[in-house]
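For reference, the structure is listed below as structure tokens.
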Amino acid sequence: MTANRVSVIMPTFNRAPMIGESIQSVLDQTHREVELIVIDDGSTDETEAVVARYGDRVRYAKVENGGKPRALNIAMAMTTGDYIVVLDDDDVLLKNCIERHLTAIASDDSLGLTYSDFYRGGSGPDGKLAPATLFRAPDLPRDAAFPALLESMYFVHQGCLVRRQCYLEIGGFDAELRRAEDYDVLLRLLHRYPVAHVPEPLLIVRTHVGARGTAHDRFDAAERAIRDFGYLGRVYRRLHDSLELQEYLPRSVVATDPNWARLAAIKRIAVMMRKGIWDLAAEDLRRLAGAGLGAAPLSAEEIRVLGIALRNPPALIDLSRRPEERASLAAALRAPPLAALRPHLLRGLYWGLREVAADRLFAQSARLALEAVKVFGVTEVARLAWSRR
């Protein structure tokens with residue numbers, strides 16, 4: 000290994016029109032100790048010819064189509080750098096991206112990885128990727144980084160620089176996951192290693208309507224969230240089984256909040272709801288009802304967490320298709336000891352249903368609205384709807 004050498008892995012499949020710009024963004028980095036490995040997961044278009052134009056500045060390997068995680072693991076074994084960046088074949092690094100990440104990670108030997116802000120963009124008039132919307136990632140205390148990631152993916156994998164050894168120690172990518180492999184690997188990394196935020200945009204993530212998936216399972220951009228969501232269920236079931244309850248919270252909260260166990264239980268319920276693990280959410284609700292909420296009023300953090308539990312449109316669309324899970328969840332929520340939770344869950348559901356309806360999924364929204372009436376009561380639902388007029 001060469002000190003400060005960075006290996007950029009670019010997995011690709013049939014992305015000939017866009018991959019050249021992504022490659023060039025790596026070759027143009029201000030940090031010069033960079034190797035670029037393009038791992039082609041069985042492309043059938045002109046991808047190989049596009050990559051060949053760059054000669055020996057790019058290491059190219061083509062494998063039989065087997066999915067992105069498998070291709071990434073093959074490429075990982077080819078790397079010679081101390082640090083790894085995984086860049087999608089349609090995204091672009093800004094010129095100082097690697098330099099800024101290296102400066103941050105070199106300042107603290109305990110760090111396993113760094114992440115940055117990023118832009119989302121599309122093709123400009125000249126066909127090149129142009130930034131459009133800036134996304135600022137939160138700058139969190141170290142002990143809050145993993146609990147926050149359990150709720151939502153607040154930064155992107157391709158906006159990270161990771162020590163190669165960390166990837167090796169967690170076992171690389173899960174080849175059984177055809178989707179959401181990036182979220183899974185970030186959860187495993189942040190569970191084990193400290194992370195730092197580089198507070199500037201260093202990447203442009205391309206938004207486009209091109210096809211995704213493997214050669215045998217292609218789908219368009221609009222389906223991505225639903226496809227990812229299905230595979231995330233596998234990831235979060237494992238987490239439910241393996242994580243201690245206190246790991247859903249920052250260590251500082253566990254050390255200082257006398258009601259941390261109730262907060263952690265509510266947080267795990269909310270996380271399972273957001274990821275569509277309805278049976279485990281209902282099981283945890285029944286457990287919480289049996290233990291009781293205690294005398295202390297709900298904290299501001301508990302109210303916040305309850306407010307996001309049912310505000311994830313892919314999860315709500317999934318719930319609308321599962322009558323047995325809806326019935327089980329409704330029965331658990333009607334338990335009298337959980338009365339204090341229901342208004343805050345309902346407020347989140349209200350905004351989630353608005354987002355589902357905004358996508359013109361009216362049947363799904365209507366089914367969930369009727370279920371809400373059964374769980375929360377006509378009066379409570381009507382009062383909330385009136386207050387939001």
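Numbering follows numbering that gives the first Met the number 0, in which position 315 of the sequence shown is assigned residue number 314; successive positions increment by one, without gaps. A virtual CB, placed ideally from N, CA and C, is assigned to each residue, including glycine. In this text, all values refer to a predicted model and were calculated from it rather than measured experimentally.
**Study point:** Reduced DSSP secondary structure (H/G/I, E/B, other) of P296
**Key:** coil
**Study point:** F228 - DSSP class collapsed to helix/strand/coil
**Key:** helix
Practice item. Measure the alpha-carbon distance for V50 versus S106 and round it to whole angstroms. Key: 35 Å
Practice item. Measure the CB-CB distance between L244 and A269 and report whether it falls below 8 Å. Key: no
Exercise for review: Could you spell out where the alpha helix (DSSP H) holding I265 opens and where it closes?
Suggested key: 259-273
Exercise for review: Quick one: residues in its chain with C-beta nearer than 7 Å to the C-beta of L297, no 5 flanking neighbours on either side, listed in chain order?
Suggested key: A339
Check your understanding: Can you give the Cα-Cα distance for R14 and R233, rounded to whole angstroms?
Key -> 28 Å
Exercise for review: Could you tell me the distance, in whole angstroms, from the CA atom of D108 to the CA atom of D138?
Suggested key: 19 Å
Check your understanding: In chain order, what residues of the same chain lie with their CB nearer than 6 Å to the CB of V184, ignoring the 5 residues before and after it?
Key -> F172
Practice item. Quick one: using the 10 Å Cβ neighbour count with 16 as the cut-off for buried, is R325 buried or exposed? Key: buried
Review point. Which residues does DSSP pair with T29 in a beta bridge?
Key: Bridge partners of T29: none, in fact.
Check your understanding: Out of I83, L35, D81, V84, which has the shortest C-alpha to C-alpha gap to A60?
Key -> L35
Point to revise | Three-state secondary structure assigned by DSSP to T206 | key: coil
Practice item. Please confirm whether Y182 and C165 have their CB atoms less than 8 Å apart. Key: no
Exercise for review: Please say whether L309 and M271 have beta carbons closer to each other than 8 Å?
Suggested key: no
Exercise for review: Could you check if L287 is buried or exposed, using at least 16 other CB atoms within 10 Å of its CB as the buried criterion?
Suggested key: buried
Point to revise | Cβ-based neighbour list, D227, same chain, cut-off 7 Å, excluding 5 preceding and 5 following | key: R178, A179
**Study point:** Separation of D88 from P10, as counted between CA atoms
**Key:** 6 Å
Review point. The alpha helix (DSSP H) with S319 in it runs from where to where?
Key: 312-319
Check your understanding: For N311, which option in M152, F134, R285, E246 has the closest C-alpha, if you only look at C-alpha atoms?
Key -> M152
Check your understanding: Any chance the region 129-143 sits against the region 298-305, with 3 or more Cβ pairs inside 8 Å?
Key -> no
Check your understanding: Are the beta-carbon atoms of V57 and A70 separated by less than 8 Å?
Key -> no
Practice item. Compare the Cα-Cα distances from L305 to each of P342, K274, P322, A331 and report the closest residue. Key: P342
Point to revise | 3-residue-minimum beta strand (DSSP E) runs that sit fully inside the region 71-150, ordered along the chain | key: 80-85, 112-122, 128-134
Point to revise | Presumed contact (8 Å Cβ cut-off) between G158 and L186, rounded CB distance | key: That belief does not hold up - the Cβ atoms of G158 and L186 are roughly 16 Å apart, past 8 Å.
**Study point:** Residue nearest to P146 in terms of C-alpha spacing, selected from F12, L188, K127, Y118
**Key:** L188
Exercise for review: Please determine, among A330, G291, E45, A295, the residue with the shortest C-alpha to C-alpha distance to A280.
Suggested key: A330
Review point. Taking just the CA atoms, how far does V91 sit from F218?
Key: Bear in mind that a pLDDT of 46 at F218, under 50, signals an unreliable position, so the number given afterwards is only what the model happens to contain. So the two alpha carbons sit approximately 23 Å from each other.
Practice item. Go through its chain and collect everything with a Cβ distance to D317's Cβ below 7 Å, but skip five positions before and after it. Key: F228, G275
Exercise for review: Could you spell out where the beta strand (DSSP E) holding L160 opens and where it closes?
Suggested key: 159-162
**Study point:** Bridge partners - P200, DSSP secondary structure assignment
**Key:** D116
Point to revise | Residue from E323, A195, R163, A174 whose Cα sits closest to the Cα of Y82 | key: R163
Check your understanding: Is DSSP giving T11 helix, strand or coil here?
Key -> strand
Exercise for review: Please look up how many angstroms separate the CB atoms of T206 and G121, rounded, as I've assumed it's under 8 Å.
Suggested key: 5 Å
Exercise for review: Taking only the alpha-carbon atoms, compute the straight-line gap between H100 and V155 and give it to the nearest angstrom.
Suggested key: 14 Å
Exercise for review: On a CA-only basis, which of A260, H239, L167 is nearest D278? Give me that one, please.
Suggested key: H239
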